[in-house]
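Take a look at the structure set out below.
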Amino acid sequence: MHFKAFVTFVVIKIKAYKSSIPKIILNFIIKSLFMKALVIGATGATGNDLVNQLCEDADFEQIDIFVRRRSDFHNEKVIAHIVDFDHPEEWKHLVKGDVAFSCLGTTLKSAGSKENQKVIDYDYQFNFAKAAKDNGVEDYILVSAYGANPDSKIFYSRIKGELEEAVKNLKFDKTTIFKPGMLERKNSDRSAEITGLKAIKFLNKLGLFKSQQPLPTSVLAKAMIVASKIKSNSFSEIKLHNIFSFAEKKTQ
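Heads up, my numbering is the position in the sequence shown plus 410, with the first residue counted as 1.
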C-alpha cells in the first residue's frame, strides 16, 4: 500500500474509533500530509466539477467553499461558508488554506449590466485573492479566458485581463492561470452555447479551428487539481490548446 494511502487509512480509523491520541497531534499529522482547498465559484459548472473531484482526491482533507447560498454538496470534506461577497471584511479571515481555486464567472446576460458583471468577474475574485494572499495562502489557481487582455476593446476580455494582472501583482509563491476557450458544460441550458458547441465540433471534424476545441469543464477541473500538486515557485499560464495534455500530467 502507498504510504499516503496507508496514513489515510490510519487517520480514518483514528477518527472512527475516537482514539485517545490528542487532537493537536492528529491535526498536525493531517495538515502535514494533506491539503486544504479554498474554492470560489463552486456552484458553477467548472467549480462543481472541481469540488466533486477534490472530494474524491485522497490528497485533500478539507475543501472550504465560499458561496452566496446553500449548496448541494454532501461530503464530509466540504465546509460551506455562506457569505456576502459585497462585504469581504466579514469573511476574509476564513480564507486560509494551502491552495485557492478561483472559477467564479458570469455572463453579461446573467449579470444584467456591464457594471454588475465587473463586480462579479473582477471585484469579487480580486477580494478573494487578496484575502488569500493576506492570510498566507501560497498557491493560487485562476480560471480566466482565452483572449483575456487588459488593453482589449472587448469588455469581457478586458476585465479578465485586468484580473489576471491584479492577481499576478499579488505575488503568490505560485500562480497558475488557465485560459480556456469555449467550455462544454454538462446539462447546459444556454441555447447560444449549445449552438456554438455544435458548430465548433462540426468544424473540428473538418479539421478546422482545432485550437478552439471545446473543453469539458471536468477536464479543466482535473487540470486545476494537477496544477495544485506541482511543486514549484513560479507563474504559469496554460492556454486552451494545452489544457487537455496538462490534465493528464503525472504529479506523483
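The C-beta atom is built at its ideal place from N, Cα and C for all residues, glycine as well.
Since this is a predicted model, take the numbers as computed values, not measurements.
What residue does the alpha helix (DSSP H) around residue i start on, and which one ends it?
i: Lys528; result: Lys524 to Lys528
i: Thr456; result: Ala455 to Glu466
i: Asp474; result: Looking at the DSSP string, Asp474 is not in any alpha helix (DSSP H); the run it does join, the beta strand (DSSP E), is Phe470 to Val477.
Express the C-alpha separation of residue j and residue i in angstroms, rounding to a whole number.
i: Lys487; j: Lys563; result: 42 angstroms
i: Ala374; j: Ser567; result: No statement about residue 374 is possible, as the shown extent of the chain runs from 411 to 662 and does not include it.
i: Glu525; j: Cys465; result: 35 angstroms
i: Leu616; j: Val449; result: Here Leu616 scores only 48 on pLDDT, less than 50, and its place in the model should not be relied on; the value that follows carries that caveat. So the alpha carbons of these two residues sit roughly 38 angstroms apart.
i: Val461; j: Tyr556; result: 23 angstroms
i: Thr516; j: Gln527; result: 7 angstroms
i: Phe495; j: His503; result: 13 angstroms
i: Lys596; j: Leu514; result: 17 angstroms
i: Leu573; j: Ile640; result: 23 angstroms
i: Glu594; j: Leu630; result: 10 angstroms
i: Ser523; j: Arg480; result: 25 angstroms
i: Lys543; j: Trp501; result: 14 angstroms
i: His491; j: Val505; result: 10 angstroms
i: Lys581; j: His484; result: 34 angstroms
i: Leu625; j: Val547; result: 28 angstroms
Residue range of the beta strand (DSSP E) that residue i falls in?
i: Thr517; result: No beta strand (DSSP E) contains Thr517, which DSSP labels as neither H nor E.
i: Val488; result: Val488 to Ile492
i: Val449; result: Met445 to Ile450
From the DSSP secondary-structure annotation, give me the bridge partner or partners of residue i.
i: Phe645; result: Thr585
i: Leu625; result: Leu593
i: Leu552; result: Ser512 and Ile587
Hey, residue i and residue j are a contact pair by Cβ (cut 8 angstroms); roughly how many whole angstroms apart?
i: Phe444; j: Asp469; result: 6 angstroms
i: Ile530; j: Leu552; result: The Cβ separation is near 14 angstroms, so there is no contact.
i: Tyr532; j: Ile569; result: 5 angstroms
i: Ser512; j: Ala539; result: 7 angstroms
i: Thr456; j: Thr627; result: 4 angstroms
For a cutoff of 8 angstroms on Cβ pairs, would you count residue i as touching chain D?
i: Ser644; result: No chain D is part of this structure, which consists of one protein chain only.
Exercise. So does the stretch 473-480 actually touch the stretch 643-654, counting three or more Cβ pairs closer than 8 angstroms?
Worked result: no
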